[in-house]
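For the sequence shown, our numbering gives the first residue as 14, with consecutive numbering after it. Beta carbons: idealized from backbone N, C-alpha and C, even for Gly. Have a look at the structure below, then the notes.
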Amino acid sequence: MLVAPSTTSLDRMSSLSLRNLISRISHSSCSSESGRASISSAMPPKLKARIAQDSAILQPSSSASFPSDSSKTKTPEKSKNALVSKMTRTSAPSVIPSMQKTSAATVKGSELEMLKNAVPIDDFASREMARALTSHPWYHGLMPREEIEELVKTDGDFLVRKTEVSGKARYAVSVYFTNRIRHILLKYADGMWCLHGIKKAKLTELIEEHVRTRTPVQTDGTTLVKAVPRPDFYILHEHVEVKKKLGGGAFGDVHIGTLKRGEHDVIDVAVKKLKGVMHKKQRTEFVKEAKLMRRFDHPNIVRLIGVAPQEEPLMILLELASGGSLQAKLKSDLSIGKERLTRYVLDGCRGMCYLAGRKVIHRDIAARNCLLGKNDEVKISDFGLSVADKSVLKLERLKNMPIKWLSPETLRKGEFSTKSDVWAFGVLIWEVFSRCKSDPFPGENNTQARAKILSNKQPMQAPDGTPNVLSAVMALCFTQDPNERPDFEGIFKVLAPREIPPPPMPSFETY
């Protein structure tokens, strides 16, 4: 049971004795329809004719070689599959640039001709095809290459995903073979898909044929053996309903939504959507946030429910923090007393202890990035800038960074660490007890705030009414030398001496 010190008992402690206590602890614990019509009219005649011909035949093929995913996916309706049946067919392999390349000499003449006549997949056709492919558990949607590479681990492990080459939508097979992962592009041409000598009308048939016959997909003998299913946290777009917008950022907007997990099981969620159609680099950064959050399991950290990568826009689903943002709460509710404010700080510290123990640097600790749960508990959120498994992150340039929350070593050398998070936590204490009436360093611009941060003096004093212990903790958070600055465990042991802090984790894995 959590037992936090009362404001009264905290006030009894002198700043000097508190400083000595934290110092000892710290040093010992450191370390639209019309649109569719126009698209259809623009399609090549061959493609339109083939789509009409195949309109009744796209149904997912069954194969004993593929694991069932009936618990997570539904067979798409025939109306959706008409366009896709034809599109789910594969072409001659072309290894993605930057990976090993197959020379033209190794590709059969008929396949080279197919490559020359390749039909680009327009956006509408691509979306419809992707929706049909979701009935197959080996289709991983728009998940970036860097993420799926962690899923294929033994010879013959493979999956299919959607990628982008020169701004065009393409599909690729990612397969592990002889200690290396191959990413082989699938190009559709002349109504067929072909992969290393085998041609089929449907991509699913082609993949199944390669698995059944063990026909190599490359000249080096690479074969498709075992399909790797989507992880259980992949969510289909059709199961998500997006509702009211809550807020937005540089890359995405956050909405209230619902997730259908079963016939009679619907839950409220927060939906973070990428804005419009993004390029590979932006998708990678967006998905990295979900990857990082995958293994977080703590009441003071916003919980990841899943990621929807099958089509645009990509979505991250998070638990809905019904209390809204801490910043908005502090501004609107003037009745909040010191005890409750102190508890908010303690909640935040507990969450940061958990992150620090997993070698996660948040890099954007602020009241705007703290949410309130149904029990009025603080939850750390927004991991868009966060990194894991690094003791120090060094950047050459500080672009679009919140200057007033940055530590001296970050401003001087571009260094981020758990200790720079501690500095930002000191700013968070100021925000809480000033009730977010203004940004830190009120009345001062970034240049003026920067000068104060680098002055070798405490840049801000605690607001009036701040308990002594929290004033002292805030001062220690503002220690100029990061090596002398306390860590989160040391701070937590002072704020909640009867509670054991979250234990550190020796290794941190996201899958």
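Identify the residues that DSSP records as bridge partners of residue i: which are they?
{"i": "M205", "result": "A202"}
{"i": "V188", "result": "F171, R195"}
{"i": "R183", "result": "T176"}
{"i": "F429", "result": "L406"}
{"i": "H268", "result": "K258, V284"}
{"i": "V279", "result": "K273"}
{"i": "I393", "result": "I314, C383"}
{"i": "A401", "result": "V373"}
{"i": "A240", "result": "F171"}
{"i": "I211", "result": "L208"}
{"i": "V253", "result": "L272"}
Looking at residue i: is its Cβ nearer than 8 Å to the Cβ of residue j?
{"i": "E177", "j": "H250", "result": "no"}
{"i": "A379", "j": "E444", "result": "yes"}
{"i": "Y189", "j": "V165", "result": "yes"}
{"i": "P517", "j": "G361", "result": "no"}
{"i": "K257", "j": "I269", "result": "yes"}
{"i": "F438", "j": "M365", "result": "yes"}
{"i": "M156", "j": "V300", "result": "yes"}
{"i": "I197", "j": "V186", "result": "yes"}
{"i": "N313", "j": "K407", "result": "no"}
{"i": "A334", "j": "L385", "result": "yes"}
{"i": "G260", "j": "V253", "result": "no"}
{"i": "V238", "j": "W151", "result": "no"}
{"i": "I374", "j": "V358", "result": "no"}
{"i": "K175", "j": "G154", "result": "yes"}
{"i": "F505", "j": "R363", "result": "yes"}
{"i": "F454", "j": "P476", "result": "no"}
{"i": "K432", "j": "P514", "result": "no"}
{"i": "R144", "j": "E324", "result": "yes"}
{"i": "V274", "j": "Q340", "result": "It is Arg, not Val, that sits at residue 274 in the sequence shown. Cβ distance not < 8 Å, so R274 and Q340 don't count as in contact."}
{"i": "K342", "j": "G336", "result": "yes"}
{"i": "V315", "j": "S394", "result": "yes"}
{"i": "P326", "j": "L272", "result": "no"}
{"i": "T217", "j": "H149", "result": "yes"}
{"i": "L424", "j": "L489", "result": "no"}
{"i": "D377", "j": "L398", "result": "yes"}
{"i": "S430", "j": "S451", "result": "no"}
{"i": "D402", "j": "K426", "result": "no"}
If I'm right that residue i touches residue j with Cβ under 8 Å, what's the distance once you round it to whole angstroms?
{"i": "F491", "j": "W436", "result": "7 Å"}
{"i": "V173", "j": "I248", "result": "With a Cβ gap of about 18 Å, V173 and I248 do not count as contacting."}
{"i": "V282", "j": "E332", "result": "7 Å"}
{"i": "R243", "j": "T236", "result": "With 8 Å as the limit, R243 and T236 do not qualify as a contact, their Cβ atoms being about 22 Å apart."}
{"i": "T191", "j": "D168", "result": "7 Å"}
{"i": "E222", "j": "K213", "result": "6 Å"}
{"i": "I318", "j": "L305", "result": "Their Cβ separation, rounded to whole angstroms, is 15 Å, which puts I318 and L305 out of contact at 8 Å."}
{"i": "Q493", "j": "P421", "result": "5 Å"}
Which runs of the alpha helix (DSSP H) fall wholly inside the segment 313–387 and span at least 4 residues, in chain order?
-> Taking only runs of at least 4 residues, the alpha helix (DSSP H) segments lying wholly in the segment 313–387 are 339–345, 351–369.
Please determine if the segment 480–488 and the segment 341–348 are in contact, where contact requires at least 3 C-beta pairs separated by less than 8 Å.
-> Short answer: they don't touch.
When the Cβ atoms of the segment 406–421 are set against those of the segment 451–462, are three or more pairs found closer than 8 Å?
-> Look at the beta carbons and you see the segment 406–421 touching the segment 451–462: at least three pairs across the two are nearer than 8 Å.
Examine the Cβ distances between the segment 275–284 and the segment 205–225 and report whether three or more of them are shorter than 8 Å.
-> Note that the segment 275–284 does not touch the segment 205–225; fewer than 3 beta-carbon pairs, one per stretch, sit closer than 8 Å.
Return the chain-ordered ranges of every alpha helix (DSSP H) run that is complete within the segment 430–518 and spans a minimum of 4 residues.
-> Fully enclosed alpha helix (DSSP H) runs of 4 or longer: 431–446, 459–466, 481–490, 501–508.
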